[in-house]
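Working notes, structure below.
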Amino acid sequence: MIGNQTGKPVNRVDGRLKVTGGAKYAAEFTAPNMAYGFVVNSKIAKGKIKSIDTSKALALDGVLEVFTHENRPGYVWGDKNYQDKDSPPGSPFRPLYDNEVQFSMQPIALVVAETYELARYGAILVEVEYENYSFDTDFEKNIKQAYIPEKYKSSKPPEPWGNPDEALANAAVKIEAEYSHPSEHHNPIEMHASLAIWEEGGKLTVYDKIQGVQNSQQYIANAFGMQQEDVHVISPFVGGAFGSGLRPQYQLFLAVLAARELKRPVKVVLTRQQMFSFGHRPKTVQKFALGADTDGKLKAVQHDAFGETSKFEDYSENVVIWPGVLYNCDNVKVSHKLVALDVYTPLDMRAPGGTTGIYGLECAIDELAYKAGVDPLEFRKMNYSEKDQNEGKPFSSKELRECYRQGAEKFGWEKRSLEPRSMKEGHNLIGWGFAQGAWEATQKQAAAKAVLTTDGKLTVSCATADIGTGTYTVMSQIAAETVGLPLEDVTFKLGDSSLPKSPLQGGSWTVSSVGSAVKLVCDKVREKLLQLAQQVANSPLANATLDDVNIEDGKISLKNDPAKAVTIKEALVQSQGKSIEENVSSEPVEGQQKYSPYAHSATFVEVKVDEDLGTVKVTRVVSAIAGGRIINPKTARSQILGGVVWGIGAAMEEETVMDNNLGRFMNHDLDKYHVPVNADVHDIEVIFVEEKDDHVNPLGAKGLGEIGIVSVAPAIANAIFHATGKRVRELPITLDKLL
Amino acid sequence: MATYKLQINGRTYEADVEPDTPLLWVLRDNLGLVGTKFGCGIAQCGACTVHVNGNAMRSCVYPVSAVGNSKITTIEGLSADGDHPVQLAWDEVDVAQCGYCQAGQIMTASALLNRNPKPSAEEIDNAMHGNICRCGTYHRIREAVALAATKTK
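Protein chains in written order, with this note's numbering: chain A, 1 to 739; chain B, 740 to 892.
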C-alpha cells in the first residue's frame, strides 16, 4: 500500500548526519570541567574482596577519587530500586554494593581523574586482594541442576495438548535430536558510555547509550532516591545496541554516582573488553523428539529447552513457543528450564528466544522431513498452522504461503534434488536449505505530541530511540502523510526523557506502538486544520467533514472537487498566531487480543562447502518476509539485510567461549570474537510480500527489526546438511565440525 | 608531553600530548573531531579509519608522533558539504543504519576510489574487507561503492 508518503523508499532523514560525521553518540558529548571515570573490573568469578587499596591511584596528581564498596555513599540500596523495565525476576546487580563478587569482570571500583589516560592508569594501580570461592560456569556440568523458575521473564511455556507421549510412540517416522548454541555478545561497534552532569539545585542531565531514555531516567531516580523530573536523559543517536541497551548498564550508575559526589560532570566510557562484562545471549540446549506419519504429517512434538541464567536473576526467553506458532500438530508438549551460572545475567539479544528456538525447531523439522522422504518446503506446506495453537487464536494475518511461493520462485527451489551431496562444483559441495520463522508483532502503549506552527512546520515527538532502525524516518513519513505536509516540513524528535512516554525500543514494536501514537496525534492535528480551514472567509470547505477532504501537499481540498481548496498556511492564519498543539496516549487497538499477531519469514539459502577444507560460503540468500504494511521499503530492506547478516554470524562464527578454569569469557575483543565481515556476505535478496492486516494496529505494519534473523541460521545449517550429508547440531558451524 | 602541529582537513591544529598517543584520541579528545570513531582499539574493526596523505589508515594505532607533515583527512573534511560521491551514494543506497562505523567505511571507500576510480567487484571487496559493521550493512556498502564509482570523475 502506498500513501503519498508512506510506502515510499525515501532516504533516511538522518542519513546526511550519518555520512558526514555529524551524528553525535553518547561518548561524544562534553561538559565544562568534565572528569573521566575508568572502571576496575573483578579478576575473579566469585568470592569476596578482602581488601582494596586505592592509595597509589589516589596519590597520582589529577586523580580525584576512587569509588569502591568501602567509600560509596549511602543512597538507596534496596535491590528493588535497581529493577528496570527489562529486568528479569530476581535481585538486580548493584554496582559497588558490597564486597561480594558475583561474576568475572564485575565492576568493583571507579577511578575518576582529570583525564581519561590518568583514570585508566589509576585503575591499573588499584590493588585488590580476593578470597576465592568455587564457582559454576560450566553449562554442561550444571545442566543436571536445571530448574523451572518461579516466574518466567518470557511467556510461561504453553501447557501440553493432545497426547504427545502416545503419538510419539505410535509415529511411523521419528527423530530425536539435541541442538545447542553458545553464549553470544551483542558487540555494537559503539561502546556503552554515559556522561552525567550534576547541576545546581540537585538536577541531573545524562547523555547515555540506551534503547529507552525513560528507562535510564526511572532507574537513576529509583537508585539514587531522586524525583524523575529532576533526571533528564538524552540519547539522540545510538551506535547499535541489538538489546545491549535495553537495561541501563553499570557505567550509567557509576557516572551518576561520581558526578553527584564530586559535583562535576563525569564521563564513563567502557572498553571493548568491558563490553563483554554484562549481558549476553544465553547458551541454550534444546532437545527435540518429533514424530510424523509416512506422508509427512506432523504427529507429535516434544521440545525441551535449557537456557543459561545468572545466580541472581531468572532470565528466560520465548524459546519453546515456536512449535505452536509455526506448525499444526495435535500433540505437543514443551518445557523450559534454567541453568544458573556465576555469570552476569543474560540479556535480550536481537530476536531473543526466536533466534534460539526457531534455529533448533527448523533444523529438527528438516531432519524429520528427510526421514519421511519429503521435500523440506513441502513438509512445511503440509503442516502449515492456520492458527496459533499456544493461544488458540487466529493470526491477525499470515501470508507465509506467499513467502514460500515468491521465495522459492526467486531462489529456483524447484530445481533442488532431495538427496544430500547431489550437487557439486569443482571441489565445492553445493547445498540448498530452507527454514521458516515468525516474530511477535506487539503493540505497546505509547504517547506522542504534535506541534504545527503557523509557518506550516510540524514537529512530532516521543521519547523513543533510533538504534539504526529508521525511527526518525518512518515516523516523519507517517506524520507528513497524515497531516498532508511535504516530508521536509516535518521533524520527529526522540531520545529525550522529557518527551511523551515511550516503550523501550525493542521487540520490533516501535513502528507498531510509537507509529500508532504518531498517527493518532496527527489525526487530531488534521481535525483542527479542517476546523481552521472552515473559518477562512467564504471557505469552500465550510460544510465538509474530514471524510470529504484530502489533506496533502500543503492543501486541504474537497475529494470530489479538488479545485476547491484551502492551503494549510491559509488555515493557520485563522489561529491568530497560535500553533496547533496536540497530545495523545495511544493504547493497543481494540479487539487485538482476539488475534495472535506475528510477522513471518521464509529463508532460502545456498552454501558452497569446500570438501577438502570444510570452509563454508553462504553464496545466496533469499529472504521473503510477510511483515504487514511496509512504511519505507528502503529502510525496511536494510533491516532485513542486517537480520540475514546476523543469521550468518550465528550460524558460522559467533561464540563467546567460557574458560571454566577462570570463570571468564576468554575471547573478549573483536579479534577473537568473530562477527560477520564483508567477506562473509554475498548475494542476498529481500522480498516483502503484500500483507494486509486490519487487526494488528492502526497502521497495519508489523515491525521488522527481528523477523529478518530468525530463520537464517537454521536455513544455513540445513543447506550445509544438504551439501555435505553431515548434520552439525551445535552452533557455530565452524570448519573443524565439518572435517 | 610535546606539541604537535597537525595538518587536518586543510587546517593546522595544535595538540599538546604524549608522543605515543594514538591519532584517534588526539582527534576525538583533544581536537573535538568526533566523526572518527573508536570501536576496538586494536586495528581490527576499521571504525577509526582516516586518510593519511590520501591513504586509508587506522588512527587507533597510529601514534601522533608518526604523523609529521602528513596531510590528515577525517570524515569532517572529506567534502565541504557532505557531497563527496561516496557520501551521496551512501545516502542514496541507505547504507547507514546506526551509522557508528560508517565514517570508517566511507573513508576506506573514498581512499579506494582515489587510487582506483573504477574498481571491480573483487577490488571493492578486497578494499572493504577490514571494516566491521555490526548492523550488517555490507551488501549495501558494495552497492554504494559501485554506485559512487559511476559518479566519480
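Built from N, CA and C at the ideal position, the CB exists for glycine as well.
Given residue i as reference, the closest of the options once Cα atoms are compared
i      : options                           : result
A:V566 : A:V266, A:N550 and A:Q302         : A:N550
A:E261 : A:T345, A:C522, A:F67 and A:A679  : A:F67
B:A786 : A:A167, A:R247, A:V101 and A:M191 : A:M191
A:G577 : A:D496, A:G708 and A:V451         : A:V451
B:M867 : B:T889, B:Q844 and B:S859         : B:Q844
A:L298 : A:I556, A:G162, A:G354 and A:S194 : A:G162
A:L546 : A:F604, A:A563, A:V525 and A:E399 : A:V525
A:K569 : A:L110, A:S277, A:I175 and A:L485 : A:L485
A:I49  : A:E129, A:P92 and A:K672          : A:E129
A:Q228 : A:L499, A:S575 and A:R16          : A:L499
A:A479 : A:L494, A:A537, A:D523 and A:S508 : A:D523
A:A255 : A:R72, A:A305 and A:R664          : A:R72
A:G437 : A:N99, A:W322 and A:K410          : A:W322
A:Y207 : A:N328, A:G470, A:Y25 and A:F411  : A:Y25
A:G507 : A:D136, A:A717, A:A599 and A:D561 : A:A599
A:D138 : A:T345, A:W413, A:E308 and A:D669 : A:E308
A:A320 : A:S397, A:H336 and A:E690         : Here the sequence assigns Val to residue 320 of chain A, which means Ala is not the residue at that position. Among A:S397, A:H336 and A:E690, the Cα nearest to that of A:V320 is on A:H336.
A:N331 : A:L290, A:I365 and A:L347         : A:L290
A:G21  : B:A885, B:K776 and B:K890         : B:K776
A:V266 : A:T469, A:G643, A:N33 and A:K564  : A:N33
A:A723 : A:R421, A:Q593 and A:Y595         : A:R421
A:M475 : A:Q574, A:T510, A:P160 and A:D455 : A:T510
A:S216 : A:A196, A:G201, A:G202 and A:E582 : A:A196
A:N678 : B:T889, B:D864 and B:V756         : B:D864
A:Y250 : A:G243, A:F242, A:R264 and A:V269 : A:V269
A:G412 : A:Y327, A:N697 and A:F604         : A:F604
B:G778 : A:V39, A:G37, A:G47 and A:A27     : A:A27
A:L504 : A:A465, A:L60 and A:V40           : A:A465
heavy atom of the ligand GTP below 7 angstroms from residue i C-beta
i      : result
A:F688 : Looking at this structure, you won't find the ligand GTP or any other ligand, since it has none at all.
Beta-carbon gap between residue i and residue j smaller than 8 angstroms
i      : j      : result
A:D610 : A:N428 : yes
A:Q791 : A:G708 : In this structure chain A extends from 1 to 739, so residue 791 of chain A is not present and cannot be described.
A:G360 : A:F288 : yes
A:V645 : A:P597 : no
A:F29  : A:F312 : no
A:S497 : A:V233 : yes
B:S849 : B:V832 : no
A:F224 : A:V76  : yes
A:A35  : A:L64  : yes
A:G663 : A:A45  : yes
A:D669 : A:Q273 : yes
B:I811 : B:I747 : yes
A:V622 : A:E685 : yes
A:A292 : A:A171 : yes
Three-state secondary structure assigned by DSSP to residue i
i      : result
A:Q286 : strand
B:M867 : helix
A:V13  : coil
A:M742 : Nothing in the structure corresponds to residue 742 of chain A, since chain A is present only between 1 and 739.
A:I2   : Unreliable positioning characterises A:I2 in this predicted model, as indicated by a pLDDT of 46, which lies under 50. A coordinate reading is not provided.
B:R879 : helix
A:N318 : coil
B:M796 : strand
B:Q857 : The amino acid at residue 857 of chain B is misidentified as Gln; the sequence shows Lys. B:K857 falls in the coil class under three-state DSSP.
A:W646 : helix
B:V756 : strand
A:P89  : coil
A:F635 : Inspection of the sequence shows that residue 635 of chain A is occupied by Thr rather than by Phe. DSSP places A:T635 in helix when its eight states are reduced to three.
A:M658 : strand
message: Taking contact to mean 3 or more Cβ pairs, one atom from each stretch, closer than 8 angstroms, check whether the segment 515-524 of chain A and the segment 430-448 of chain A are in contact.
response: yes
Those runs of the beta strand (DSSP E) which lie wholly inside the segment 484-565 of chain A and span at least 3 residues: 490-493, 549-552 and 555-558
query: Any contact of the segment 619-638 of chain A with the segment 1-15 of chain A, i.e. 3+ C-beta pairs under 8 angstroms?
result: yes
field: Contact between the segment 142-156 of chain A and the segment 85-98 of chain A (3+ Cβ pairs under 8 angstroms)
entry: yes
task: Spell out a yes or no on whether the segment 740-759 of chain B and the segment 457-464 of chain A are touching, meaning 3 or more CB-CB pairs, one atom from each, closer than 8 angstroms.
output: no
Within the segment 292-357 of chain A, ranges of the alpha helix (DSSP H) (whole runs, at least 4 residues): 322-326
- prompt: Does the pairing of the segment 616-629 of chain A with the segment 703-723 of chain A give three or more beta-carbon distances under 8 angstroms?
  reply: yes
message: Check whether the segment 711-718 of chain A and the segment 414-433 of chain A are in contact - that is, three or more C-beta pairs closer than 8 angstroms.
response: yes
field: Segments assigned beta strand (DSSP E), at least 3 residues, entirely inside the segment 808-854 of chain B
entry: 810-812
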